[in-house]
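Trainee:
In this note's numbering, the protein residues as written are 412 to 786.
1. Leaving out five residues on either side along the sequence, give the residues of the same chain with a beta carbon under 7 Å from the beta carbon of residue 597.
2. Do you know offhand how far residue 422's Cα is from residue 517's?
3. Taking the straight line between their C-alpha atoms, what separation do you get for residue 455 and residue 470?
4. Quick check: what's the CA-CA separation for residue 770 versus residue 761?
5. List in chain order: all unbroken alpha helix (DSSP H) runs of 4+ residues lying wholly within the stretch 547-581.
6. Assign residue 718 to one of two classes, buried (16 or more other C-beta atoms within 10 Å of its C-beta) or exposed (fewer than that).
7. Helix, strand or coil: how does DSSP classify residue 745 here?
8. With a 10 Å radius around its C-beta and 16 neighbouring C-beta atoms as the bar for buried, classify residue 531 as buried or exposed.
9. Helix, strand or coil, according to DSSP, for residue 506 in the structure here?
10. Whose C-alpha, out of 509, 724, 565, is nearest the C-alpha of residue 544?
11. Please list, in chain order, all residues of the same chain as residue 462 whose beta carbon is under 8 Å from its beta carbon, the five residues on each side excluded.
12. What three-state label does DSSP hand residue 767 in the structure shown?
13. What is the DSSP secondary structure of residue 620, reduced to helix, strand or coil?
14. What first and last residue would you give for the alpha helix (DSSP H) that runs through residue 531?
15. Hey, how far is the Cα of residue 567 from the Cα of residue 595?
16. If the criterion is Cβ atoms closer than 9 Å, does the pair residue 445 and residue 506 meet it?
17. Following the continuous beta strand (DSSP E) through residue 735, name the residue where it begins and the one where it ends.
18. How should residue 650 be labelled, buried or exposed, when 16 other C-beta atoms within 10 angstroms of its C-beta is the threshold for buried?
19. For the beta strand (DSSP E) that residue 602 lies in, which residues bound it at each end?
20. Find out if the Cβ-Cβ distance for the pair residue 434, residue 501 is shorter than 9 Å.
21. Identify which residue in 555, 457, 491, 653 has its Cα closest to the Cα of residue 475.
22. Would you call the CB atoms of residue 751 and residue 727 closer than 9 Å?
23. Candidates 748, 611, 714, 496: which alpha carbon is nearest residue 459's?
24. So, with DSSP's three-state summary, where would you put residue 591?
25. Only counting the same chain, and skipping five residues up and downstream in sequence, which positions put a Cβ closer than 7 Å to that of residue 547?
26. What three-state label does DSSP hand residue 440 in the structure shown?
27. Span of the alpha helix (DSSP H) holding residue 427?
28. What residue range is occupied by the uninterrupted alpha helix (DSSP H) comprising residue 457?
29. Pull up the distance between the alpha-carbon of residue 660 and that of residue 654, whole angstroms please.
30. State the DSSP-derived secondary structure class of residue 520, mapped to helix, strand or coil.
31. For residue 372, which beta-bridge partners are listed by DSSP?
32. Mind checking residue 562: buried by the 16 CB within 10 Å criterion, or exposed?
33. Out of 590, 600, 447, point me to the one whose CA is closest to residue 606's CA.
34. Mark residue 542 as exposed unless 16 or more other C-beta atoms lie within 10 angstroms of its C-beta, in which case mark it buried.
35. Can you give me the C-alpha to C-alpha distance between residue 565 and residue 417, rounded to a whole angstrom?
36. For residue 577, which residues in the same chain have their Cβ closer than 6 Å to its Cβ, ignoring the five residues on either side in sequence?
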């Protein structure tokens, strides 16, 4: 593991994140941890383990023999030449090979006026070479309010930066966001992922977040909370009303019951009249279609006897329609075959009130007419 940085404004949760996501897992894995975080102690962690074991079954309880060690140091200890292990060190160092070293508020230790010692540079530049008997390499975690005032010698060797942001803007005081960046430059192109997490009150017992035990944060300006914005509340109210109104409209549109009007009962026509109602006569020469009202009127007229003009000379099927062929010795006329009735071998129907059959109309005067009638 290389050097990791945890940054964020005061109260954003950077120290909390290091304790919960770095120190606690390392302690459970049996590592030796060196840190200057205020209020941290091994006893606090042991009390935390006791609480966890109470809620677990015996086979799932944490084994105390596998736990690590937490050593609390101060800023002055970190500034000593023998704090970090370094190459060709002859004297005993405070931090050992394979230790996890977590330094809070790094700006207080290595500011511009305090030059980093050569022994410290040796560890910072080559910390991965310091390995203990378990095979663990030394790891360094720096905690600061901003990445900008981390010493350049350390900043150039940071592998990942974790930026903490408290979600006060959306009214969630008990949650925070972790933005993980590659390297020390907090550019959008370097963003690896963003994680939302919730503060666990039990973690706060492991260290001291405030100098006083009864400290309490208060908001001095509520306008930083979007849920207390009048404009936001109006927009949310309008959105809810719009959704409700739209749902009602869609429901009424797709579930409207339409009542069909009841048509007045019309006088029924006899079978012959019904056939004539849907019959449209066609004349071969000018191809006109008679008016429907005229056809119905003709169909209900009194039988005027045998037609002296029209006679049936045959029938054909044209455009999927069965048609009767009529002639008056000058024109050929087509009528729907459904307008005629067939009584035995006698096909008959009414045209203009007169009865038309194979034997109605004028007597053929030419050989052509004789042949047509014969057919």
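All residues carry an ideal CB built from backbone N, CA and C; glycine is no exception. Note that the coordinates shown come from a computational prediction; the quantities given were computed from them, not determined experimentally.
Mentor: In short, the structure shows the following:
1. What you label residue 597 is simply residue 186 of the chain shown in a count that begins at 1. The beta carbon of residue 597 sits closer than 7 Å to those of 558, 572, 574, all from its chain and outside the five residues before and after it, given in chain order.
2. As a first step, residue 422 must be located in the chain shown, where it is residue number 11. As a first step, residue 517 must be located in the chain shown, where it is residue number 106. Each residue's alpha carbon lies about 16 Å from the other.
3. Against the chain shown, residue 455 aligns to sequence position 44. Against the chain shown, residue 470 aligns to sequence position 59. Between residue 455 and residue 470, the C-alpha separation is close to 23 Å.
4. If you number the chain shown from 1, residue 770 lands on position 359. If you number the chain shown from 1, residue 761 lands on position 350. Roughly 13 Å between the two C-alpha positions.
5. 563-566
6. Here residue 718 corresponds to residue number 307 of the chain shown, with the count starting at 1. Its Cβ being crowded by 16 or more others within 10 Å, residue 718 is buried.
7. What you label residue 745 is simply residue 334 of the chain shown in a count that begins at 1. Residue 745 falls in the strand class under three-state DSSP.
8. Numbered from its first residue, the chain shown carries residue 531 at position 120. Residue 531 counts as buried, since at least 16 other C-beta atoms from the protein chains shown sit within 10 angstroms of its C-beta.
9. Within the chain shown, numbered from 1, the residue matching residue 506 stands at position 95. Coil.
10. Here residue 544 is taken as the residue at index 133 of the chain shown, counted from 1. Considering only alpha carbons, the answer is 509.
11. The sequence position of residue 462 within the chain shown is 51, counting from 1. These residues qualify, in order along the chain: 613.
12. Position 356 of the chain shown, counted from the start, is the residue given in the question as residue 767. Strand.
13. Counted from its first residue, the chain shown places residue 620 at position 209. Here residue 620 sits in coil by DSSP.
14. If you number the chain shown from 1, residue 531 lands on position 120. First-last of the alpha helix (DSSP H) with residue 531: 529-537.
15. Taking the first residue of the chain shown as 1, we reach residue 567 at position 156. Taking the first residue of the chain shown as 1, we reach residue 595 at position 184. The alpha-carbon atoms of residue 567 and residue 595 are separated by roughly 7 Å.
16. For the purposes of this step, residue 445 is taken as residue 34 along the chain shown, with counting starting at 1. For the purposes of this step, residue 506 is taken as residue 95 along the chain shown, with counting starting at 1. A contact, by the Cβ cut-off of 9 Å.
17. In the chain shown, residue 735 corresponds to position 324, counting from 1. Segment 732-738, the beta strand (DSSP E) holding residue 735.
18. Your numbering for residue 650 matches position 239 in the chain shown. Counting Cβ neighbours within 10 Å, residue 650 comes out exposed, since fewer than 16 surround it.
19. One-based indexing of the chain shown puts residue 602 at position 191. Where residue 602 is concerned, the enclosing beta strand (DSSP E) stretches over 602-609.
20. Along the chain shown, read from residue 1 onward, the residue named residue 434 stands at position 23. Along the chain shown, read from residue 1 onward, the residue named residue 501 stands at position 90. For residue 434 and residue 501, no; Cβs fall outside 9 Å.
21. Numbered from its first residue, the chain shown carries residue 475 at position 64. Ranking 555, 457, 491, 653 by Cα distance to residue 475 puts 457 first.
22. Residue numbering aside, residue 751 sits at position 340 when the chain shown is read from its first letter. Residue numbering aside, residue 727 sits at position 316 when the chain shown is read from its first letter. Result no, Cβ atoms of residue 751 and residue 727 do not sit closer than 9 Å.
23. Within the chain shown, numbered from 1, the residue matching residue 459 stands at position 48. That would be 611, whose Cα lies nearest to the Cα of residue 459.
24. Here residue 591 refers to the residue found at position 180 when the chain shown is read from its first residue. Three-state DSSP puts residue 591 in a strand.
25. Translated into the one-based positions of the chain shown, residue 547 becomes position 136. Answer for residue 547: 442, 509, listed in chain order.
26. Here the question's residue 440 lines up with position 29 in the chain shown. Looking at residue 440 - three-state DSSP - the assignment turns out to be coil, as it is neither helix nor strand.
27. In the chain shown, the residue the question calls residue 427 occupies position 16. Its alpha helix (DSSP H) spans residues 425-429.
28. Against the chain shown, residue 457 aligns to sequence position 46. Counting along the chain, residue 457 sits inside the alpha helix (DSSP H) bounded by residues 453-465.
29. Walking along the chain shown from the start, residue 660 turns up at place 249. Walking along the chain shown from the start, residue 654 turns up at place 243. Between residue 660 and residue 654, the C-alpha separation is close to 10 Å.
30. Counted from its first residue, the chain shown places residue 520 at position 109. Helix at residue 520.
31. What is shown of the chain runs 412 to 786, which leaves residue 372 out entirely.
32. Reading the chain shown from its first residue, position 151 is the one you call residue 562. Around the beta carbon of residue 562, 16 or more other beta carbons sit within 10 angstroms, so the residue counts as buried.
33. In the chain shown, residue 606 corresponds to position 195, counting from 1. Of 590, 600, 447, the residue nearest in Cα terms is 590.
34. For the purposes of this step, residue 542 is taken as the residue at position 131 of the chain shown. Exposed is the call here.
35. In the chain shown, counting from the first residue as 1, residue 565 sits at position 154. In the chain shown, counting from the first residue as 1, residue 417 sits at position 6. If you take the alpha carbons of residue 565 and residue 417, they lie about 13 Å apart.
36. Within the chain shown, the letter at position 166 stands for residue 577. Result list for residue 577: 423, 587, in chain order.
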